[in-house]
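A.B. asks: The structure follows.
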C-alpha cells in the first residue's frame, strides 16, 4: 500500500504552497480588516487553473480530481480561510453541482466558464427558515411556457453578490415535499429580477462575501433545470456530500498553520529563562495538535481517494467535515492560549484564525447534521432508520 | 528561436541547517527542487517564448531523480526535456559538466540560445555558461538582468563595472541570468497534472553522447570543507560615534554583510 | 673585505632574460589585469598582492598582463604592485572587451610562456572571461576564491570559495592541468602598497586576432537600469527605525543609510505611529517577518514582539543608547550610542 502522493500531486502541492505564501498571504490581514474579497487573487488563481481543480480538462478544469482539490484547499486553508472559502464555495459546491448532475450542454455552457474562472459560482440553498431543514425552502419555481419563474429569497450565500452563475433550489410542487417537489436550477445572475439584498457582517472569513439573494420573477429557461426535475434535493445533497471532504481539507490547513505558528512562537518566546516550548504544559498541547492533524490528514486524503475512485464516500466525507472543523477549532483554541495575550491581539494572525475557524462547524451542514448523516449511515445496514 | 535551458536540481536549502559553531551541515529535510537560478533561466527563456514564439528545451545533468525537476520545467512551459544520467557523471567537476552538456547540446543539433543560471545556488562556480560558449563557439553574455530577442541576436542588460551595460550579442549565444532579475512564473495546474504523462523525458548516457572515460576525467580535486567563524552575539561596540561607526563598518565588511 | 666574486655574478644577471623557460614545465604566476578609466581595478591590485606573496613563497616570478592601448600605460603600476614583468598587448582592438578576442590573446600568451598559475579578479569581466579561457586551455578554474594559498608539499594552488549562501567553504585544487586558474573575489584580499622603486620589465606583445572576431555590440557601457522593487519580506538588507530616532530628521538618517547600502526601510509600530513609515513597513509579530542578510535596528528597543519578526535574519546590528535594551542582547553587533549620531558617522565611513 503506497501512501505517498503521486508525483504530479507533489509538484502541484509545491506550486500551490508557493502561490499561497507569495500571493495569498500578503493580503490575508488586509482582506479581513477591510472586509473585501481578494479579487486579485481570484484572477491569478484563474490564470493558473486553480478555479476548477477537480474538473476534467475537457471542461476547462485542471484535471486534479478530488485529491488535487483537497491539496489546494489544504494549502489555501493554511494561509487564508477567507480565500479558501471564496474558491471553495465556487468550486466545491456551486460548480461541482453542475459537474455532478449537469447535461453535456449545461457543462459546456456553465461549467466551462466556472472551471476556467471566467465566472464565479455560488450555491443557493439556504433560506431564512430553511437552514438544517433544507427541505423547508419556500422559493418557488412556476412553469411558464419555456421558462420557470423563480420567486423567493436566499440568505447566507457565499459569493452571492459576486457570482455570475448560481445553482438555486426552488419548490416546483409544494404537495410533494422534499422528494419530488424540489428542483435545482442554474441561474445566470444577470437575469432581470435577480438582486442582492443585504451582505452579512460576519465574525470571521470577512474576506469572503455572504449575501442575501432575492428572486423576483426571475425567468429561468427550462434547459437550466439541473438534474432530474423534482429531484433537486438529491442533486444538492450529492454536491454537499462531496464538498465536505474539501472543507475538511481547508480545516486541515488551518489546523496545520495553528500548530506551525505555535511551534515557531514557543521556540522563540522565553519565560523563566527557557523557551516555552520546553514547558510540558505547552508541548503537550502541541503534541495533541500534531496527533489530531495527522489523523485528520489520513481521513481527508483517504476520502479524496474514495471519491476519485468512485467508491461510496458519504460517511467518510461527513467525518472529514465533522472531525476537520472540530480539530481546527481545538488547535486554534490552543494556539490562542499558547500565544497568551498576543493571541488576543487583533494585530496578529491568531485571533483572525480563531474567528475564521468558528464557521466551519456551522456551514455546509452543521456538525449536528454531520452526526445525523454519520449515524444514519452507520445504522442503515442494520435496518435501523435514523430520523433527521 | 530554439532555446535550450540548463536545469540543475539541488537540495532545498530550506531543509539544510549549517551550524558554524559545530562546524557541521545538517540535512533536516532532504527534498530536491529546481534550483532558483535554473528557475530564473526557465523564466527568461519562457518570456522569450511568450514574446515571439520559441521552442524551449530543458536539459539537465543529474541523477534519475532529476526527472522530477525536468517535469517541473515542462509544467512551466518547456516543450521537451532531456536528462543526462550516467554513473560515470557522478564525479563530474565543472569542466566535465561542461563537456557533457556541450556534447548533449551538439547532439540536439545546437540551439540559437542557451540559457543558464549565473551560478547554481549550492556549490555555484558560475562557470558553465562561459565554458559552454567556448566549447560550442557561441557568443556569450553573463549575469544578465533583462533580455529581449531581435532578429538574429539578443539584447541584454548585464552587470558591468559596478553598474549595468546594454549589450547585443549575435546568435547563437549563451546567456546566464541573475536569479533575482527573473522571478519565476507558477506552472499552470493543468500542465502540472499532465507533466508526467504528456511528455517523454529522453535520457542519454555517456555512450549516447560519445564520451569515453578520458573525456570524463575530472580536472579538479576536492581538498576540504571549512566553515566561517560563528557570528558574535551581543558584541558591544562602544565609544565616540566616529570610532564606533568605523569599528562597526569594518566588522560588517569583514563579515561580508556589506560590500 | 673583497666582494669582487659577487661582481661577476651581478654582471651575469644583468641582461638575463627574466623568464625561465624550462622547456616542458609551467612556471610563474600571472595576473590578468583589468583597468577602467585609466586605473587598475581594485580586484586586480589585490590579485597582484596575492600573486606576489605566493610567488615569493615558491620562488617564481609574477607576470602582469595588460590588454588594450588604454591599459598599456598602467604597466609601471603593476610593477609597483609587485609584477616582475608585464606583457602588454597594446592594440586598440583590445580596448573593447570581447570574450573571443581576450580569450584568444590570453590563450596564445599562455601557450607561449606557460604560467603555472593564472589569476584574475572575480569582477564582471573576470567572471565572464575566466571560464571561457579555462575551457579553451582545457584547464581547471577555481572561481570566486575568498582565499588562495600554495600547498608547498605539492606545489599546488588551493582555492577556497563560499558555497551554500556563504555558510560553508570548499577548497579545490587542480593537480595536473595547467595553468591552475583562479578568480579572486574582490574585497577578500589585502590591498598591497605601491612600491615606486620596484623595477621590472615591460614587454609589448603582438596580438594575432586573425580569424577571431567579437560578437558583442556594446550599446551602452553605463546603462540605467531600474531594479524592480523587492517586497520587504524578501529584502536582503533592511534598515529599521524605532522611536529612538526622535523625529522625522532622525528617521531620514535611516532612509539615507538604507539607500547607501542598497537596502529597504522598515520600522516598529512606534515609527508607524510617528508617521514615518507605512503599515506595510512595520516589522514584528503584528507586521512583516523579514529574513535579510543584514538587519540594522536603529533606535528601537526590540522586545520579543519585534524580535519574532527578525529572528531569521543572518546578521543583526542594533544601535541604541540603552545598552540594556532587549535587542542589544540578541543582536550580533550592539552599538551603544545615540542612533542620531551613529548613523551620520556610518554614512561618512561608507562614503570614504
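Residue numbers (my numbering), protein chains in the order written: chain A, 785 to 1172; chain B, 15 to 273; chain C, 37 to 388.
We put the beta carbon where it would ideally sit given N, CA and C, even for glycine.
Can you look up residue 806 of chain A in the DSSP assignment and give me helix, strand or coil?
C.D. replies: Looking at residue 806 of chain A - three-state DSSP - the assignment turns out to be helix.
A.B. asks: Mind checking which residues open and close the beta strand (DSSP E) that includes residue 177 of chain B?
C.D. replies: Unbroken beta strand (DSSP E) run through residue 177 of chain B: 177 to 184.
A.B. asks: Give a yes or no on whether 8 Å exceeds the smallest Cβ distance from residue 799 of chain A to chain B.
C.D. replies: For residue 799 of chain A, the answer is yes, since a Cβ of chain B falls inside 8 Å of its Cβ.
A.B. asks: For residue 1153 of chain A and residue 331 of chain C, what's the separation of their Cα atoms in angstroms?
C.D. replies: The straight-line gap from Cα to Cα measures roughly 53 Å.
A.B. asks: Leaving out five residues before and five after residue 232 of chain B in sequence, what residues of the same chain have Cβ atoms less than 8 Å from its Cβ?
C.D. replies: Hits under 8 Å: 105, 106, 107, 109, 110.
A.B. asks: How long is the line joining the alpha carbons of residue 33 of chain B and residue 838 of chain A, rounded to whole angstroms?
C.D. replies: So the two alpha carbons sit approximately 44 Å from each other.
A.B. asks: Counting only beta-carbon separations shorter than 8 Å, does residue 1132 of chain A have a partner in chain C?
C.D. replies: Cβ-Cβ to chain C under 8 Å: yes for residue 1132 of chain A.
A.B. asks: Pop quiz: residue 21 of chain B and residue 72 of chain B are said to be a contact at Cβ under 8 Å. What is the actual Cβ separation, rounded to whole angstroms?
C.D. replies: 5 Å between Cβ atoms; contact.
A.B. asks: DSSP three-state call for residue 979 of chain A: helix, strand or coil?
C.D. replies: Strand at residue 979 of chain A.
A.B. asks: Quick one: list the residues of chain C neighbouring residue 136 of chain B, beta-carbon separation under 8 Å, in chain order.
C.D. replies: Neighbours of residue 136 of chain B on chain C, chain order: 199, 200.
A.B. asks: By how many angstroms is the C-alpha of residue 137 of chain B removed from the C-alpha of residue 895 of chain A?
C.D. replies: C-alpha separation (whole angstroms): 49 Å.
A.B. asks: Rounded to whole angstroms, what is the Cα-Cα separation between residue 936 of chain A and residue 1158 of chain A?
C.D. replies: Using only the alpha carbons, I get a separation of about 32 Å.
A.B. asks: With burial defined as no fewer than 16 other Cβ atoms inside 10 Å of the residue's Cβ, what is the status of residue 328 of chain C: buried or exposed?
C.D. replies: Buried, because 16 or more other Cβ atoms sit within 10 Å of the Cβ of residue 328 of chain C.
A.B. asks: Counting contacts by CB-CB distance shorter than 8 Å, is residue 369 of chain C in contact with chain B?
C.D. replies: Closer than 8 Å: yes.
A.B. asks: Going by DSSP in three states, residue 58 of chain C sits in which element: helix, strand or coil?
C.D. replies: Caution is warranted here: a pLDDT of 40 is assigned to residue 58 of chain C, below 50, making its placement in the model unreliable, and the coordinate value is therefore given only provisionally. Coil at residue 58 of chain C, not helix or strand.
A.B. asks: Quick one: residues in its chain with C-beta nearer than 6 Å to the C-beta of residue 145 of chain B, no 5 flanking neighbours on either side, listed in chain order?
C.D. replies: Counting only Cβ-Cβ distances below 6 Å, and skipping sequence neighbours, we find 112.
A.B. asks: Looking at residue 962 of chain A: is its Cβ nearer than 8 Å to the Cβ of residue 907 of chain A?
C.D. replies: In this structure, residue 907 of chain A does not lie closer than 8 Å to residue 962 of chain A by Cβ.
A.B. asks: Whose Cβ in chain A lies nearer than 7 Å to the Cβ of residue 281 of chain B?
C.D. replies: Residue 281 of chain B is absent from the model: chain B starts at 15 and stops at 273.
A.B. asks: Need the endpoints of the alpha helix (DSSP H) that residue 1163 of chain A sits in, please.
C.D. replies: Looking at the DSSP string, the run of the alpha helix (DSSP H) that includes residue 1163 of chain A is 1151 to 1163.
A.B. asks: Please compile the residues from chain A whose C-beta is within a distance smaller than 7 Å of the C-beta of residue 282 of chain C.
C.D. replies: Under the 7 Å cutoff, chain A gives no residues; its nearest Cβ is about 25 Å from residue 282 of chain C.
A.B. asks: List the residues of chain B whose Cβ lies closer than 7 Å to the Cβ of residue 378 of chain C, in chain order.
C.D. replies: The answer, in chain order, is 255, 258, 259.
A.B. asks: In the DSSP assignment, find the unbroken beta strand (DSSP E) run with residue 159 of chain B in it and report its ends.
C.D. replies: Taken as a continuous stretch (DSSP letters only), the beta strand (DSSP E) holding residue 159 of chain B covers 153 to 164.
A.B. asks: Quick test of the definition: if touching needs 3 or more C-beta pairs under 8 Å, does the stretch 949 to 965 of chain A touch the stretch 907 to 924 of chain A?
C.D. replies: In short, these stretches touch, since the Cβ pair count reaches three.
A.B. asks: Count the other CB atoms, across all protein chains shown, that sit within 10 Å of the CB of residue 283 of chain C; report buried if there are 16 or more and exposed otherwise.
C.D. replies: Result: exposed.
A.B. asks: Using only CA atoms, which one of C/115, C/169, C/354 lies nearest to residue 216 of chain C?
C.D. replies: It is C/169.
A.B. asks: Between which two residues does the beta strand (DSSP E) harbouring residue 220 of chain B extend?
C.D. replies: Unbroken run through residue 220 of chain B: none, as it is neither H nor E.
A.B. asks: Can you check whether the C-beta of residue 248 of chain C is within less than 8 Å of a C-beta belonging to chain B?
C.D. replies: Not one chain B Cβ lies under 8 Å of residue 248 of chain C.
A.B. asks: Alpha carbon to alpha carbon, what distance is there between residue 140 of chain B and residue 57 of chain C?
C.D. replies: Below a pLDDT of 50, predicted positions are generally treated as unreliable, and residue 57 of chain C, at 44, falls in that range; the measurement from the model is reported next regardless. Cα-Cα distance, rounded: 33 Å.
A.B. asks: Any Cβ of chain C within less than 8 Å of the Cβ of residue 249 of chain B?
C.D. replies: By this cut-off, residue 249 of chain B is an interface position.
A.B. asks: Hey, is the stretch 1031 to 1038 of chain A in contact with the stretch 962 to 980 of chain A, meaning 3+ C-beta pairs nearer than 8 Å?
C.D. replies: No, because fewer than three Cβ pairs between the stretch 1031 to 1038 of chain A and the stretch 962 to 980 of chain A fall closer than 8 Å, the two stretches do not touch.
A.B. asks: May I ask you to report which of helix, strand or coil DSSP gives residue 291 of chain C?
C.D. replies: Helix at residue 291 of chain C.
A.B. asks: Flag residue 86 of chain B as yes if its beta-carbon sits less than 8 Å from any beta-carbon of chain A, otherwise no.
C.D. replies: By this cut-off, residue 86 of chain B is an interface position.
A.B. asks: Using a Cβ-Cβ cut-off of 8 Å (strictly less than) and excluding sequence neighbours within five positions of residue 314 of chain C, which residues of its own chain qualify?
C.D. replies: So the list reads 308, once near-sequence residues are dropped.
A.B. asks: Check distances from the C-beta atoms of the stretch 71 to 83 of chain B to those of chain A and list, in chain order, the residues that come in under 8 Å.
C.D. replies: Here the close residues are 82.
A.B. asks: Can you tell me which residues form a DSSP beta bridge with residue 167 of chain B?
C.D. replies: DSSP, once it has assigned bridges, lists B/164, B/184 as partnering residue 167 of chain B.
A.B. asks: Taking the continuous alpha helix (DSSP H) assigned at residue 1115 of chain A, which residues delimit it?
C.D. replies: Residue 1115 of chain A -> alpha helix (DSSP H) spans 1098 to 1123.
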